[in-house]
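Before any comments, here is the structure.
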Amino acid sequence: MPLPFSNKYTQGDLQKLKALLAPQFAEAFPLPRKQLRVLNIACGRADETGILIENLLAHTELLEITGVDIRNREIGEAKQRWAKHPKANCQFFTQNASQLDHVRELDGPYDLILMRHQNFWNGAETWVKIYDAALHRLSESGILTITSYFDDEHRQAMQAITSLGGKLQHTLRNPKARPIADAPNKSVDRHIAIFRRTPISPDIIV
Ligand SMILES: C[S@@+](CC[C@H](N)C(=O)[O-])C[C@H]1O[C@@H](n2cnc3c(N)ncnc32)[C@H](O)[C@@H]1O
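Residue numbering for the sequence shown follows the numbering used here, starting at 1 and increasing by one per position.
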């Protein structure tokens, strides 16, 4: 049993995210696989690791999840909660995601790259580097998934990713997103967008 979450809303938020992501993963990974590799960029405490495992194990025999964040304390908590998960191989690194090139183990390719609550507004230049690094680490049929707290940041992030060559597949408004009490106009996983490196074509689905 993983360590409980300290925020009473976390479990509910994660169940809503799980429901939104399940059909996206079903579309992206239509055939069962031997192995699926996930990179969770700027994962913080990586609270969503459990719902990723629950959703993705329907599509693969072996699941590897790697989380990176610049904050050591959050990575410590992620390791404590998830590193010994019995059903997936989870590892976490304290790492500046705008410098992923410095770490050979993070070369990819990855079938799913997630950036939950990406932070474009907090430093566009850094985040453009992070989006670019993510797109370059996607497998040919892989998907890049972002979520955003607020409308404008989501729009700007989508613009940045598409201008780097990402092909937008879907953008969804989370109808049940929980408003954040002390942050007007922000809510948890308010928007989700899915990108591919190349436009989808039937022969690249493996
Ligand atoms: C809004 S938080 C989201 C955290 C987590 N994904 C979530 O949804 O709970 C943004 C995260 O980006 C991380 N971050 C910011 N700049 C980063 C960088 N250059 N490299 C890696 N992580 C970074 C922060 O430490 C923080 O954990």
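Every residue gets a Cβ at the ideal spot worked out from N, C-alpha and C, and that includes glycine.
Since this is a predicted model, take the numbers as computed values, not measurements.
Do the stretch 43 to 53 and the stretch 68 to 79 make contact, defined as three or more Cβ pairs closer than 8 Å? yes
How about C90: is its Cβ closer than 8 Å to a heavy atom in ligand 1? no
Along the chain, which unbroken stretches of the beta strand (DSSP E) at least 3 residues long are found entirely within the stretch 20 to 68? Residue ranges of uninterrupted beta strand (DSSP E) with 3 or more members, entirely inside the stretch 20 to 68 and ordered along the chain, are 33 to 41.
Residues bridged to P109 (per DSSP): Bridge partners of P109: none, in fact.
Buried or exposed for G123, going by 16 or more other Cβ atoms inside 10 Å? exposed
First and last residue of the uninterrupted alpha helix (DSSP H) at K129: 124 to 136
Spatial distance of R137 from G12 (CA atoms): 31 Å
Does the stretch 108 to 118 come into contact with the stretch 17 to 36, if we say contact requires no fewer than three beta-carbon pairs (one atom in each stretch) closer than 8 Å? Between the stretch 108 to 118 and the stretch 17 to 36, the count of Cβ pairs shorter than 8 Å is three or higher; the stretches touch.
With a Cβ-Cβ cutoff of 9 Å, do I41 and M115 count as a contact? yes
Classify E61: buried if its beta carbon has 16 or more other beta carbons within 10 angstroms, exposed otherwise. exposed
DSSP three-state label for R71, please. coil
Taking the C-alpha atoms as reference points, what is the distance between W82 and L39? 14 Å
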